[in-house]
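In what follows, a single structure is set out as structure tokens and then discussed.
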Amino acid sequence: DAGVIQSPRHEVTEMGQEVTLRCKPISGHDYLFWYRQTMMRGLELLIYFNNNVPIDDSGMPEDRFSAKMPNASFSNLKIQPSEPRDSAVYFCASSLGTGGRNTEAFFGQGTRLTVV
Amino acid sequence: GESVGLHLPTLSVQEGDNSIINCAYSNSASDYFIWYKQESGKGPQFIIDIRSNMDKRQGQRVTVLLNKTVKHLSLQIAATQPGDSAVYFCAENIYNQGGKLIFGQGTELSVKP
Numbered sequence: 175d176a177g178v179i180q181s182p183r184h185e186v187t188e189m190g191q192e193v194t195l196r197c198k199p200i201s202g203h204d205y206l207f208w209y210r211q212t213m214m215r216g217l218e219l220l221i222y223f224n225n226n227v228p229i230d231d232s233g234m235p236e237d238r239f240s241a242k243m244p245n246a247s248f249s250n251l252k253i254q255p256s257e258p259r260d261s262a263v264y265f266c267a268s269s270l271g272t273g274g275r276n277t278e279a280f281f282g283q284g285t286r287l288t289v290v
Numbered sequence: 010g011e012s013v014g015l016h017l018p019t020l021s022v023q024e025g026d027n028s029i030i031n032c033a034y035s036n037s038a039s040d041y042f043i044w045y046k047q048e049s050g051k052g053p054q055f056i057i058d059i060r061s062n063m064d065k066r067q068g069q070r071v072t073v074l075l076n077k078t079v080k081h082l083s084l085q086i087a088a089t090q091p092g093d094s095a096v097y098f099c100a101e102n103i104y105n106q107g108g109k110l111i112f113g114q115g116t117e118l119s120v121k122p
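Top line first, the protein sequences correspond to chains A and B. FYI, in the numbering used here the residues of the first sequence are 175 to 290. FYI, in the numbering used here the residues of the second sequence are 10 to 122.
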């Protein structure tokens with residue numbers, strides 16, 4: 175397996191535009207996570223899915239953020255409208271499930287988002 | 010924009026020395042822990058894990074120690090090499106909260122040749 179695949183690697187957009195980040199988890203993994211990394215806040219969990227169902231979205235900063243997982247091989251994170259403070263690296267990760275080593279999250283390379 | 014950034018704790022060691030990176034966790038219900046290594050421009054990668062019913066686990070050049078009494082984890086790297094330079098995170102999984110991992114602040118390790 176190629177690992178978790180995220181696209182794009184880099185995104186520069188203007189304030190007010192819609193941004194869509196994409197993720198393909200590792201095949202067979204039941205959990206998918208979206209994290210945001212900034213110098214100010216470190217690595218924050220935004221939302222996670224189990225078997226394509228959102229389980230905990232308490233980390234989503236506000237209504238401008240939404241995430242979906244229409245099937246087991248794809249998820250997207252949307253920001254509409256985007257703001258400069260959304261600039262960060264966004265990581266997608268997937269894992270097999272719960273219990274010990276199954277909890278290990280495998281991370282993608284991340285999408286570096288810059289909102290100007 | 011942000012006027013104040015979070016400065017990661019930094020550990021600077023000489024090549025060949027041992028490194029010790031510390032992490033405090035807050036939830037006594039956490040039952041599984043992972044140390045991750047993040048190199049520049051990459052996502053975090055698994056180094057070693059430990060369950061809450063253990064207090065020590067060893068891997069290749071790395072050892073993790075867990076002290077549940079004070080909710081403290083440490084990662085020891087033996088004979089530190091320049092390739093070990095990275096940011097290191099501890100992550101905890103809380104029992105009965107599914108498969109999610111909560112990450113600590115991170116420590117930047119810098120290895121001087």
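We put the beta carbon where it would ideally sit given N, CA and C, even for glycine.
If you run the structure through DSSP and keep just helix, strand and coil, what is N102 of chain B?
Reading the second sequence from its first residue, position 93 is the one you call residue 102 of chain B. Three-state DSSP puts N102 of chain B in a strand.
Starting from the beta carbon of G202 of chain A, find every residue of chain B whose beta carbon is closer than 8 Å, and list them in chain order.
Here residue 202 of chain A refers to the residue found at position 28 when the first sequence is read from its first residue. Here the premise fails: no neighbours, minimum Cβ distance about 14 Å.
Could you check the C-alpha separation between K65 of chain B and S28 of chain B for me, to the nearest Å?
As a working mapping, residue 65 of chain B is identified with position 56 in the second sequence. As a working mapping, residue 28 of chain B is identified with position 19 in the second sequence. Going by the C-alpha atoms only, they are around 16 Å apart.
Give every residue of the same chain whose Cβ lies closer than 7 Å to the Cβ of M243 of chain A, excluding the five residues on either side of it in the sequence, and list them in chain order.
One-based indexing of the first sequence puts residue 243 of chain A at position 69. Excluding sequence neighbours, M243 of chain A sits near L206, F223, N226 and S249.
Compile a chain-ordered list of the residues in the segment 222-235 of chain A whose CB is closer than 8 Å to at least one CB of chain B.
Y222, N224, I229 and D230
Sorted by chain position, which residues of the same chain lie with C-beta nearer than 8 Å to S247 of chain A's C-beta, five sequence neighbours on each side aside?
Translated into positions along the first sequence, residue 247 of chain A becomes position 73. Only K198, P199 and S201 meet the Cβ criterion.
Chain-ordered residues of the segment 104-115 of chain B with a beta carbon less than 7 Å from chain A:
G107, G108, K109, L110, I111, F112, Q114 and G115
Bridge partners - K252 of chain A, DSSP secondary structure assignment:
As a first step, residue 252 of chain A is located in the first sequence; it is residue number 78 there, counting from the start. Paired residues: A:T194 and A:S240.
At the 8 Å Cβ level, is Y205 of chain A part of the contact set with chain B, yes or no?
For the purposes of this step, residue 205 of chain A is taken as residue 31 along the first sequence, with counting starting at 1. With 8 Å as the cut-off, Y205 of chain A counts as an interface residue toward chain B.
Cα separation between G68 of chain B and Q114 of chain B?
Along the second sequence, read from residue 1 onward, the residue named residue 68 of chain B stands at position 59. Along the second sequence, read from residue 1 onward, the residue named residue 114 of chain B stands at position 105. Answer to the nearest angstrom: the Cα atoms are 23 Å apart.
Contact with chain A by G68 of chain B, beta-carbon distance below 8 Å:
Residue mapping note: residue 68 of chain B aligns to position 59 of the second sequence, counting from 1. No - not a single Cβ of chain A is within 8 Å of the one on G68 of chain B.
Since I believe Y264 of chain A is in contact with L217 of chain A (beta carbons under 8 Å), could you give me their beta-carbon distance rounded to a whole number of angstroms?
Sequence index remark: in the first sequence, residue 217 of chain A carries index 43 (1-based). Sequence index remark: in the first sequence, residue 264 of chain A carries index 90 (1-based). The Cβ separation is near 11 Å, so there is no contact.
How big is the Cα-Cα spacing for T72 of chain B and L270 of chain A?
Your numbering for residue 72 of chain B matches position 63 in the second sequence. Your numbering for residue 270 of chain A matches position 96 in the first sequence. Cα to Cα, the separation comes out at about 25 Å.
Chain-ordered residues of the segment 41-70 of chain B with a beta carbon less than 9 Å from chain A
Y41, I43, Y45, Q47, G50, K51, G52, P53, Q54, F55, D58 and R60
Which residues DSSP lists as bridging P228 of chain A, in chain order:
For the purposes of this step, residue 228 of chain A is taken as residue 54 along the first sequence, with counting starting at 1. BP columns for P228 of chain A point to A:F223.
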